[in-house]
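**Student:** The sequence shown begins at 4 in the numbering used here and counts up one residue at a time. So that we are looking at the same thing, I have put the structure below in C-alpha coordinates.
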Amino acid sequence: MSQKHHKILIIGAGTAGITVAAQLLRKDHQMDVALIDPSDKHYYQPAWTLVGAGTFNYGKTVRPMSSVIPKGATWIKDYVEEIHPERNVVVTREGGEIGYDYLVACPGIQIDLDGI
(Lines of atoms letter the chains of each structure in order from A and count residues from 1; the text may use other names and numbers.)
(Lines give C-alpha, C1' and ligand atoms only; values in the text may rest on other atoms or scores of the structure.)
Protein backbone atom coordinates (compact mmCIF):
# COMPACT_ATOMS: atom_id res chain seq x y z
CA MET A 1 0.00 0.00 0.00
CA SER A 2 1.74 3.12 -1.22
CA GLN A 3 -0.46 5.71 0.44
CA LYS A 4 -2.45 5.78 3.68
CA HIS A 5 -4.95 8.43 2.55
CA HIS A 6 -6.93 8.84 -0.66
CA LYS A 7 -9.31 11.52 -1.85
CA ILE A 8 -11.81 8.87 -3.04
CA LEU A 9 -11.79 5.41 -1.48
CA ILE A 10 -14.03 2.77 -3.05
CA ILE A 11 -14.83 -0.42 -1.15
CA GLY A 12 -15.30 -3.14 -3.73
CA ALA A 13 -13.94 -3.58 -7.24
CA GLY A 14 -16.92 -5.32 -8.75
CA THR A 15 -18.83 -3.83 -11.64
CA ALA A 16 -20.14 -0.93 -9.51
CA GLY A 17 -16.78 -0.03 -7.96
CA ILE A 18 -14.91 -0.25 -11.27
CA THR A 19 -17.56 1.89 -12.97
CA VAL A 20 -17.43 4.59 -10.29
CA ALA A 21 -13.62 4.70 -10.43
CA ALA A 22 -13.58 4.85 -14.23
CA GLN A 23 -16.17 7.65 -14.34
CA LEU A 24 -14.32 9.74 -11.76
CA LEU A 25 -10.99 9.29 -13.53
CA ARG A 26 -12.58 10.09 -16.88
CA LYS A 27 -13.62 13.49 -15.46
CA ASP A 28 -10.21 14.10 -13.84
CA HIS A 29 -7.41 11.67 -14.73
CA GLN A 30 -5.26 13.01 -11.88
CA MET A 31 -7.88 12.40 -9.19
CA ASP A 32 -6.64 10.26 -6.28
CA VAL A 33 -8.93 7.21 -6.49
CA ALA A 34 -8.29 3.90 -4.71
CA LEU A 35 -10.26 0.65 -4.71
CA ILE A 36 -10.08 -1.92 -1.91
CA ASP A 37 -10.85 -5.48 -2.97
CA PRO A 38 -9.10 -8.72 -2.00
CA SER A 39 -9.98 -10.74 -5.08
CA ASP A 40 -7.58 -11.62 -7.89
CA LYS A 41 -10.60 -12.14 -10.16
CA HIS A 42 -13.29 -9.79 -11.42
CA TYR A 43 -16.66 -11.34 -12.23
CA TYR A 44 -18.95 -9.54 -14.64
CA GLN A 45 -22.10 -10.43 -12.74
CA PRO A 46 -24.63 -8.75 -15.06
CA ALA A 47 -23.90 -11.57 -17.56
CA TRP A 48 -24.86 -14.24 -15.02
CA THR A 49 -28.52 -14.00 -16.01
CA LEU A 50 -27.44 -15.08 -19.50
CA VAL A 51 -25.33 -17.88 -17.99
CA GLY A 52 -28.40 -19.05 -16.08
CA ALA A 53 -30.40 -19.02 -19.30
CA GLY A 54 -27.73 -21.16 -20.97
CA THR A 55 -26.88 -18.53 -23.60
CA PHE A 56 -23.51 -17.35 -22.28
CA ASN A 57 -20.38 -19.16 -21.08
CA TYR A 58 -19.61 -18.66 -17.37
CA GLY A 59 -15.86 -18.65 -18.08
CA LYS A 60 -16.26 -15.48 -20.12
CA THR A 61 -17.58 -13.61 -17.07
CA VAL A 62 -14.27 -13.76 -15.19
CA ARG A 63 -11.09 -11.75 -15.80
CA PRO A 64 -7.96 -10.97 -13.82
CA MET A 65 -8.73 -8.07 -11.47
CA SER A 66 -5.57 -6.29 -12.59
CA SER A 67 -6.98 -6.10 -16.14
CA VAL A 68 -10.08 -4.13 -15.12
CA ILE A 69 -8.67 -1.64 -12.59
CA PRO A 70 -8.90 1.74 -14.36
CA LYS A 71 -5.65 3.41 -15.35
CA GLY A 72 -4.71 5.90 -12.64
CA ALA A 73 -6.56 4.10 -9.84
CA THR A 74 -4.77 2.45 -6.93
CA TRP A 75 -5.78 -1.14 -6.15
CA ILE A 76 -5.43 -2.12 -2.49
CA LYS A 77 -5.64 -5.92 -2.31
CA ASP A 78 -7.17 -6.31 1.14
CA TYR A 79 -10.48 -6.64 2.99
CA VAL A 80 -12.19 -3.79 4.83
CA GLU A 81 -12.99 -4.96 8.37
CA GLU A 82 -14.19 -1.71 9.94
CA ILE A 83 -15.45 1.67 8.78
CA HIS A 84 -15.07 4.70 11.06
CA PRO A 85 -16.96 7.52 9.32
CA GLU A 86 -16.45 9.91 12.23
CA ARG A 87 -12.70 9.79 11.48
CA ASN A 88 -12.92 9.15 7.70
CA VAL A 89 -10.92 5.94 8.13
CA VAL A 90 -11.30 2.28 7.23
CA VAL A 91 -9.40 -0.54 8.92
CA THR A 92 -8.25 -3.43 6.76
CA ARG A 93 -7.87 -7.09 7.61
CA GLU A 94 -4.10 -6.62 7.44
CA GLY A 95 -4.49 -4.05 10.22
CA GLY A 96 -3.82 -0.94 8.21
CA GLU A 97 -5.80 2.26 8.51
CA ILE A 98 -6.62 4.09 5.31
CA GLY A 99 -8.02 7.58 5.40
CA TYR A 100 -10.30 9.12 2.81
CA ASP A 101 -12.07 12.36 1.95
CA TYR A 102 -14.97 10.55 0.28
CA LEU A 103 -16.01 6.91 0.70
CA VAL A 104 -17.99 4.87 -1.82
CA ALA A 105 -19.28 1.56 -0.44
CA CYS A 106 -20.14 -1.09 -3.03
CA PRO A 107 -18.78 -4.31 -1.50
CA GLY A 108 -20.92 -6.62 -3.62
CA ILE A 109 -21.68 -10.20 -2.68
CA GLN A 110 -19.74 -13.18 -1.43
CA ILE A 111 -19.69 -15.85 -4.12
CA ASP A 112 -20.32 -19.41 -2.91
CA LEU A 113 -20.95 -21.51 -6.00
CA ASP A 114 -20.58 -24.69 -3.95
CA GLY A 115 -23.54 -23.56 -1.87
CA ILE A 116 -25.87 -23.74 -4.85
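Note that beta-carbon positions come from the ideal geometry of N, C-alpha and C, so glycine has one too. Model, not experiment: these values are computed from the prediction.
#1: Within its chain, find whatever has a CB closer than 8 Å to the CB of Q33; leave out the 5 residues flanking it on each side and keep chain order.
#2: Leaving out the 5 sequence neighbours to the left and right, which residues in its chain are closer than 6 Å to G17 when beta-carbon positions are compared?
#3: Return yes when the Cβ of C109 is within less than 8 Å of the Cβ of I39, no when it is not.
#4: Can you give me the start and stop residues for the alpha helix (DSSP H) that L53 sits inside?
#5: Have a look at V36, R66, A37, D35 and flag the residue whose alpha-carbon is nearest the alpha-carbon of Q48.
#6: Give the straight-line distance between the Cα atoms of V83 and E97, rounded to the nearest whole angstrom.
**Tutor:** According to the structure shown:
#1: As a position in the sequence shown, residue 33 is number 30, starting the count at 1. Taken in chain order, the residues that qualify are G75.
#2: Here the question's residue 17 lines up with position 14 in the sequence shown. The residues are G111.
#3: Position 36 of the sequence shown, counted from the first residue, corresponds to residue 39. Position 106 of the sequence shown, counted from the first residue, corresponds to residue 109. Not in contact: I39 and C109 (Cβ atoms no closer than 8 Å).
#4: Looking up residue 53 in the sequence shown gives position 50. Note, L53: alpha helix (DSSP H), 51-55.
#5: Residue mapping note: residue 48 aligns to position 45 of the sequence shown, counting from 1. Taking only the C-alpha atoms, the option nearest Q48 is R66.
#6: Start at 1 with the first residue of the sequence shown, and residue 83 comes out as number 80. Start at 1 with the first residue of the sequence shown, and residue 97 comes out as number 94. In this structure, the alpha-carbon of V83 lies about 9 Å from that of E97.
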